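Chains as they are written, first to last, in the numbering used here: chain A, 7 to 406; chain B, 7 to 406. Quick reminder that beta carbons are idealized off the backbone N, C-alpha and C, glycines included. Note that this is a predicted model, so its numbers are computed, not measured. A short write-up of the structure that comes next.
2 protein chains.
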Amino acid sequence: MDWERLAQELTIATPSKIILLVIDGLGDLPIEGRTPLEKAKTPNLDRLTRRGVCGLTDPVSPGITPGSGPAHLALFGYDPLRYQLGRGILEALGSGVEVGKEDLVARGNYATLKDGLIIDRRAGRIPTEENEKLCRRINSGLKPREGVGISLYPGKEHRFVAKFSGPGLSDALTDADPQKDHKPPAPTRPLSPDAARSAEIVNRFMDEVASLLSDRANANAVLLRGFSKFPALPTMADLYKLRPAAVANYPMYRGLARLLGMKVLETGPETNDLFSALESGYGGHNFFYIHYKKTDAAGEDGNFEAKVRAIEELDAFLPRLEALRPDVLAITADHSTPCLLRSHSWHPNPFLIASPTAFADDVAEFSERACGRGHLGRFPALQAMPLLLAHAGKMTKYGA
Amino acid sequence: MDWERLAQELTIATPSKIILLVIDGLGDLPIEGRTPLEKAKTPNLDRLTRRGVCGLTDPVSPGITPGSGPAHLALFGYDPLRYQLGRGILEALGSGVEVGKEDLVARGNYATLKDGLIIDRRAGRIPTEENEKLCRRINSGLKPREGVGISLYPGKEHRFVAKFSGPGLSDALTDADPQKDHKPPAPTRPLSPDAARSAEIVNRFMDEVASLLSDRANANAVLLRGFSKFPALPTMADLYKLRPAAVANYPMYRGLARLLGMKVLETGPETNDLFSALESGYGGHNFFYIHYKKTDAAGEDGNFEAKVRAIEELDAFLPRLEALRPDVLAITADHSTPCLLRSHSWHPNPFLIASPTAFADDVAEFSERACGRGHLGRFPALQAMPLLLAHAGKMTKYGA
Numbered sequence: 007m008d009w010e011r012l013a014q015e016l017t018i019a020t021p022s023k024i025i026l027l028v029i030d031g032l033g034d035l036p037i038e039g040r041t042p043l044e045k046a047k048t049p050n051l052d053r054l055t056r057r058g059v060c061g062l063t064d065p066v067s068p069g070i071t072p073g074s075g076p077a078h079l080a081l082f083g084y085d086p087l088r089y090q091l092g093r094g095i096l097e098a099l100g101s102g103v104e105v106g107k108e109d110l111v112a113r114g115n116y117a118t119l120k121d122g123l124i125i126d127r128r129a130g131r132i133p134t135e136e137n138e139k140l141c142r143r144i145n146s147g148l149k150p151r152e153g154v155g156i157s158l159y160p161g162k163e164h165r166f167v168a169k170f171s172g173p174g175l176s177d178a179l180t181d182a183d184p185q186k187d188h189k190p191p192a193p194t195r196p197l198s199p200d201a202a203r204s205a206e207i208v209n210r211f212m213d214e215v216a217s218l219l220s221d222r223a224n225a226n227a228v229l230l231r232g233f234s235k236f237p238a239l240p241t242m243a244d245l246y247k248l249r250p251a252a253v254a255n256y257p258m259y260r261g262l263a264r265l266l267g268m269k270v271l272e273t274g275p276e277t278n279d280l281f282s283a284l285e286s287g288y289g290g291h292n293f294f295y296i297h298y299k300k301t302d303a304a305g306e307d308g309n310f311e312a313k314v315r316a317i318e319e320l321d322a323f324l325p326r327l328e329a330l331r332p333d334v335l336a337i338t339a340d341h342s343t344p345c346l347l348r349s350h351s352w353h354p355n356p357f358l359i360a361s362p363t364a365f366a367d368d369v370a371e372f373s374e375r376a377c378g379r380g381h382l383g384r385f386p387a388l389q390a391m392p393l394l395l396a397h398a399g400k401m402t403k404y405g406a
Numbered sequence: 007m008d009w010e011r012l013a014q015e016l017t018i019a020t021p022s023k024i025i026l027l028v029i030d031g032l033g034d035l036p037i038e039g040r041t042p043l044e045k046a047k048t049p050n051l052d053r054l055t056r057r058g059v060c061g062l063t064d065p066v067s068p069g070i071t072p073g074s075g076p077a078h079l080a081l082f083g084y085d086p087l088r089y090q091l092g093r094g095i096l097e098a099l100g101s102g103v104e105v106g107k108e109d110l111v112a113r114g115n116y117a118t119l120k121d122g123l124i125i126d127r128r129a130g131r132i133p134t135e136e137n138e139k140l141c142r143r144i145n146s147g148l149k150p151r152e153g154v155g156i157s158l159y160p161g162k163e164h165r166f167v168a169k170f171s172g173p174g175l176s177d178a179l180t181d182a183d184p185q186k187d188h189k190p191p192a193p194t195r196p197l198s199p200d201a202a203r204s205a206e207i208v209n210r211f212m213d214e215v216a217s218l219l220s221d222r223a224n225a226n227a228v229l230l231r232g233f234s235k236f237p238a239l240p241t242m243a244d245l246y247k248l249r250p251a252a253v254a255n256y257p258m259y260r261g262l263a264r265l266l267g268m269k270v271l272e273t274g275p276e277t278n279d280l281f282s283a284l285e286s287g288y289g290g291h292n293f294f295y296i297h298y299k300k301t302d303a304a305g306e307d308g309n310f311e312a313k314v315r316a317i318e319e320l321d322a323f324l325p326r327l328e329a330l331r332p333d334v335l336a337i338t339a340d341h342s343t344p345c346l347l348r349s350h351s352w353h354p355n356p357f358l359i360a361s362p363t364a365f366a367d368d369v370a371e372f373s374e375r376a377c378g379r380g381h382l383g384r385f386p387a388l389q390a391m392p393l394l395l396a397h398a399g400k401m402t403k404y405g406a
């Protein structure tokens with residue numbers, strides 16, 4: 007099905023409101039018989055489940071473990087196999103770096119080079135202030151070159167974004183990162199003939215940085231990865247006639263939302279801030295994406311109890327979503343992050359729609375297992391958006 | 007989804023081991039309320055089910071009854087609508103006949119012709135020794151012809167493989183087989199203009215055989231069906247970086263496995279031989295396909311009790327699979343062969359993955375009905391291979 011064409015044809019602009027709460031990495035595997043979601047006390051999630059309809063989603067397709075980019079794209083109705091986003095572009099947009107159509111961006115690390123080897127890919131996680139100083143030093147110290155401008159934008163600790171601006175740049179480049187400590191620096195290599203000049207520019211820049219910082223014992227080199235250009239994506243306004251907003255306090259998710267044309271609402275670092283931002287911005291939009299990160303972080307740490315606590319913390323805020331009385335409240339995960347694996351996985355994700363037009367099934371508890379018995383069955387996450395729009399009365403009939 | 011491209015991009019070579027047990031034609035319909043699988047006492051299957059995750063697969067898609075070729079291709083991750091294998095090629099490879107890129111092969115039967123009618127399509131199932139003699143007689147008696155060599159390879163009873171070698175042969179040919187007794191011989195017809203010469207060669211060969219054998223009262227004609235050329239298939243090593251092995255004691259399944267680049271392990275005719283072959287070859291490979299035929303044979307015979315016994319016989323061997331401690335043990339069927347229908351059918355198949363990373367669902371019994379409530383839901387068999395590879399830790403993340 008060409009969902010995008012169908013969406014443009016069938017969606018209508020209405021004032022009805024959709025909230026999509028994405029609990030990052032929520033899905034898990036049972037340990038001693040129960041998953042974190044099964045173990046957590048979630049009276050609010052369970053109440054919503056009883057009045058909603060449930061299912062399980064596959065982010066890309068069964069067996070495929072998605073990165074955060076493809077997992078989120080699918081939830082927003084963008085085929086993750088059609089659109090592939092470089093990590094660099096997500097990081098850049100999330101850090102508030104303006105990216106233009108001709109720009110090439112990458113994620114950077116300060117690293118420590120000694121005797122020709124990268125001995126620490128994170129330069130001992132230097133303080134953010136030192137990172138800011140280094141970026142200023144490099145930005146002002148680089149020799150001007152013809153046809154391309156280069157700027158570094160400091161992030162947290164050792165991380166930064168590098169932006170190369172100018173015509174004819176290509177992102178068909180391998181990571182300029184040895185991936186492991188105690189290996190020599192790895193220059194980027196072009197993946198297609200027309201990326202040869204870009205590879206040369208990037209490698210010359212890395213050499214120049216190393217000589218600029220040669221007086222330092224640590225943080226005296228840079229690594230670059232996830233080279234990417236601005237992807238050609240339709241916006242959610244183009245596709246669905248929505249006025250979408252995003253509430254997220256991690257750069258990558260803010261960046262992804264901006265890419266799809268969402269207004270990224272100002273918010274703070276606490277869970278409470280997410281809900282306050284949503285409440286403040288609620289009048290001006292009709293689609294809201296809220297991103298909750300703590301569950302994924304606990305899964306990546308393999309910390310079952312922290313994941314239980316993260317779920318319980320979030321559950322306590324849900325009445326504030328209900329109080330807004332959205333026409334559709336959907337709760338799901340972008341992907342699973344089982345504590346057992348300490349990484350993203352391919353397992354399917356619990357999915358819930360609470361809405362007056364949802365077929366309330368018999369599922370009484372929001373969990374991986376219980377959602378597997380839901381009325382929505384198991385379906386690709388790419389079908390979530392059509393369901394949300396349908397339950398919000400934002401899609402007209404197909405055909406006569 | 008272009009699974010093949012994705013598989014090549016995402017799979018990694020690891021020592022983890024996968025066993026895929028295919029119980030041919032296992033799926034069935036209830037008679038007096040229970041299917042053979044539900045009636046059979048299967049303590050080992052049920053124990054594996056309790057620690058695994060279950061679902062139901064559709065070999066091609068709902069409602070489509072597959073032949074053995076497409077049903078198996080799908081399980082191995084080859085789109086059965088993209089790759090179509092002639093029965094001839096499978097039979098030839100399974101019989102150990104070398105097939106080259108320019109060869110055209112077909113399955114053959116000796117048949118009995120009388121008064122211009124095929125009165126017995128199997129020539130009274132002549133002894134294999136007589137078959138061998140007839141093949142020698144034909145191979146040496148055929149007149150040499152320009153640009154094409156013809157050889158017959160005897161099989162069991164009345165069956166043989168015919169191989170036509172030479173440039174420009176096409177397999178776009180109808181079966182040269184009246185399909186029913188007491189009908190006149192059916193010459194092959196070309197299905198495309200460029201198969202006209204091949205049809206002429208085949209029909210001339212059949213006429214020549216009939217005159218060579220005209221002194222005989224039975225087995226005095228041949229029928230040919232399933233014309234096929236060597237298909238262009240990537241191997242499982244190409245696609246998945248696996249070192250795959252097959253254990254099967256029927257020619258067709260051995261042939262299919264060879265086509266996909268599996269090492270076909272030596273085995274004997276008994277069920278015990280299958281497991282011994284697996285045990286002997288276990289060290290040298292990391293993917294094992296084991297094929298069990300008796301269930302399908304019982305279904306084709308419409309023999310419910312024999313099917314129950316075949317299932318129970320197999321169940322008793324399963325501890326030997328578990329003792330090998332594979333990282334992933336998957337058990338399923340290629341297709342259903344309901345006793346009621348005495349033939350392959352379109353019904354979905356029980357599917358089980360036992361693995362430390364499987365989400366152990368509530369299914370406690372391996373059956374068509376119980377697997378329908380499994381956490382994997384109902385899915386195309388083409389998605390089985392991604393699941394097996396994922397559970398074995400043989401796939402990296404898709405996208406950032």
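Between the alpha carbons of D187/A and F357/A, how many angstroms are there, rounded? Translated into positions along the first sequence, residue 187/A becomes position 181. Translated into positions along the first sequence, residue 357/A becomes position 351. Those two C-alpha atoms are separated by around 40 Å.
Is it the case that the region 391-400 of chain A contacts the region 319-337 of chain B, given that we only count it when at least three CB pairs across the two stretches are under 8 Å? no
According to the Cβ coordinates, are K299/A and D30/A closer than 7 Å? Taking the first residue of the first sequence as position 1, residue 299/A is located at position 293. Taking the first residue of the first sequence as position 1, residue 30/A is located at position 24. Yes, the pair counts as a contact, with Cβ atoms nearer than the cut-off.
Distance check for A322/A and F293/A, CA to CA, integer angstroms please. What you label residue 293/A is simply residue 287 of the first sequence in a count that begins at 1. What you label residue 322/A is simply residue 316 of the first sequence in a count that begins at 1. Using only the alpha carbons, I get a separation of about 22 Å.
Considering only the beta carbon of each residue, do D200/A and S234/A sit closer than 7 Å? Locating residue 200/A in the first sequence gives position 194, counting from the first residue. Locating residue 234/A in the first sequence gives position 228, counting from the first residue. Going by C-beta atoms, D200/A is not nearer than 7 Å to S234/A.
To the nearest angstrom, how far is it from the Cα of E306/A to the Cα of S198/B? Numbered from 1 along the first sequence, position 300 holds the residue referred to as residue 306/A. Numbered from 1 along the second sequence, position 192 holds the residue referred to as residue 198/B. In a straight line, the C-alpha of E306/A is about 58 Å away from that of S198/B.
Buried or exposed by the 16-neighbour rule on C-beta atoms within 10 Å, applied to D290/A: To locate residue 290/A, count along the first sequence from 1; it is residue 284. Position check: residue 290/A holds Gly in this sequence, whereas Asp was assumed. By the neighbour-count rule (16 or more Cβ atoms within 10 Å), G290/A is not buried but exposed.
Mind listing the chain A neighbours of P392/B? Cutoff is C-beta to C-beta under 9 Å, in chain order. Indexing the second sequence from 1 puts residue 392/B at position 386. Near P392/B (Cβ distances below 9 Å), the residues of chain A are S67, P68, G69, I70 and W352.
Could you check where the beta strand (DSSP E) with K235/A kicks off and where it finishes? To locate residue 235/A, count along the first sequence from 1; it is residue 229. Taken as a continuous stretch (DSSP letters only), the beta strand (DSSP E) holding K235/A covers A227 to K235.
Could you check if R195/B belongs to the surroundings of the ligand SAH, using beta carbon to heavy atom distance under 6 Å? This structure lacks the ligand SAH, and indeed carries no ligand of any kind.
Listing by chain order, which chain A residues have their CB less than 7 Å from the CB of A396/B? Here residue 396/B refers to the residue found at position 390 of the second sequence. Simply G69, T71 and W352.
May I have the straight-line CA-CA distance separating Q14/A from L248/A, to the nearest angstrom? Along the first sequence, one-based indexing puts residue 14/A at 8. Along the first sequence, one-based indexing puts residue 248/A at 242. So the alpha carbons of these two residues sit roughly 11 Å apart.
Of all Cβ atoms in chain B, is any one closer than 7 Å to the Cβ of P237/A? Start at 1 with the first residue of the first sequence, and residue 237/A comes out as number 231. Not one chain B Cβ lies under 7 Å of P237/A.
Please classify F82/B as buried or exposed, where buried requires at least 16 other C-beta atoms within 10 Å of its C-beta. Looking up residue 82/B in the second sequence gives position 76. Looking at its Cβ environment, which holds 16 or more other Cβ atoms inside 10 Å, F82/B is buried.
What number of angstroms, rounded off, separates the C-alpha of D221/A from the C-alpha of Y116/A? Translated into the one-based positions of the first sequence, residue 221/A becomes position 215. Translated into the one-based positions of the first sequence, residue 116/A becomes position 110. C-alpha separation (whole angstroms): 14 Å.
Euclidean distance between Cα positions of F385/B and I70/B: The count along the second sequence starts at 1 and reaches residue 385/B at position 379. The count along the second sequence starts at 1 and reaches residue 70/B at position 64. Answer to the nearest angstrom: the Cα atoms are 14 Å apart.
Just tell me which of G92/A, K313/A and T180/A has its CA closest to the CA of R348/A. Taking the first sequence and counting its residues from 1, the one referred to as residue 348/A is at position 342. Minimum Cα distance to R348/A is reached at K313/A.
Which residue from P160/B, N209/B and R203/B puts its Cα closest to that of P6/B? Limits of chain B in this structure are 7 at one end and 406 at the other, which puts residue 6/B out of reach.
Report the partner residues of L27/B according to the DSSP bridge assignment. As a position in the second sequence, residue 27/B is number 21, starting the count at 1. Beta-bridge pairing links L27/B to I296/B and I337/B.
Using a Cβ-Cβ cut-off of 7 Å, state whether Q185/A counts as contacting chain B. Within the first sequence, residue 185/A is the residue found at index 179, counting from 1. With 7 Å as the cut-off, Q185/A does not count as an interface residue toward chain B.
How many angstroms separate the CA atom of T17/B from the CA atom of C377/A? Residue numbering aside, residue 17/B sits at position 11 when the second sequence is read from its first letter. Residue numbering aside, residue 377/A sits at position 371 when the first sequence is read from its first letter. Looking at the two C-alpha atoms, the distance is approximately 29 Å.
Measuring only between beta-carbons, confirm whether P407/A sits less than 7 Å from chain B. A question about residue 407/A goes unanswered here, because the residues of chain A that appear run from 7 up to 406.
Do we get a CB-CB distance below 7 Å when we pair Q389/A with the residues of chain B? Mapped onto the first sequence, residue 389/A falls at position 383. Cβ-Cβ to chain B under 7 Å: no for Q389/A.
If contact means a Cβ-Cβ distance below 7 Å, which residues of the region 281-308 of chain B contact chain A? none
Per DSSP, the bridge partner or partners of S286/B: Walking along the second sequence from the start, residue 286/B turns up at place 280. None, per the DSSP bridge assignment.
From what residue to what residue does the alpha helix (DSSP H) around S204/A run? Looking up residue 204/A in the first sequence gives position 198. Taken as a continuous stretch (DSSP letters only), the alpha helix (DSSP H) holding S204/A covers A202 to L218.
Out of D85/A, L219/A, T277/A and R113/A, state which residue places its alpha-carbon closest to the alpha-carbon of L266/A. For the purposes of this step, residue 266/A is identified with residue 260 of the first sequence, where counting begins at 1. Per the Cα distances, D85/A.
Length of the line joining the Cα atoms of H407/A and S361/B: The shown model of chain A, from 7 to 406, leaves out residue 407/A, and the question about it has no answer.
Count the C-beta pairs between the region 110-127 of chain B and the region 269-289 of chain B that are closer than 8 Å, then say yes if the count reaches three, no if not. no
Apart from the five residues just before and just after R143/B, which ones in its own chain have a Cβ nearer than 6 Å to its Cβ? Sequence index remark: in the second sequence, residue 143/B carries index 137 (1-based). So no residue of the chain qualifies.
Please determine if the region 103-113 of chain B and the region 158-177 of chain B are in contact, where contact requires at least 3 C-beta pairs separated by less than 8 Å. Flag = yes, the region 103-113 of chain B and the region 158-177 of chain B touch.
Using a Cβ-Cβ cut-off of 6 Å (strictly less than) and excluding sequence neighbours within five positions of A339/B, which residues of its own chain qualify? To locate residue 339/B, count along the second sequence from 1; it is residue 333. If we look at A339/B and ignore the five residues flanking it on each side, its Cβ neighbours are I29, L32, G33 and N355.
Taking Cβ positions, are L230/A and A182/A nearer each other than 7 Å? Here residue 230/A corresponds to residue number 224 of the first sequence, with the count starting at 1. Here residue 182/A corresponds to residue number 176 of the first sequence, with the count starting at 1. Their beta carbons are under 7 Å apart, which means L230/A touches A182/A by this criterion.
Under the three-state reduction of DSSP, which class applies to T134/A: helix, strand or coil? Translated into the one-based positions of the first sequence, residue 134/A becomes position 128. DSSP places T134/A in helix when its eight states are reduced to three.
Please compile the residues from chain B whose C-beta is within a distance smaller than 7 Å of the C-beta of E10/A. What you label residue 10/A is simply residue 4 of the first sequence in a count that begins at 1. Within 7 Å Cβ-Cβ: nothing; E10/A doesn't reach chain B, min ~17 Å.
Once you ignore the five residues that flank L54/A on each side, which residues in its own chain have a CB closer than 6 Å to its CB? For the purposes of this step, residue 54/A is identified with residue 48 of the first sequence, where counting begins at 1. Result list for L54/A: A360, in chain order.
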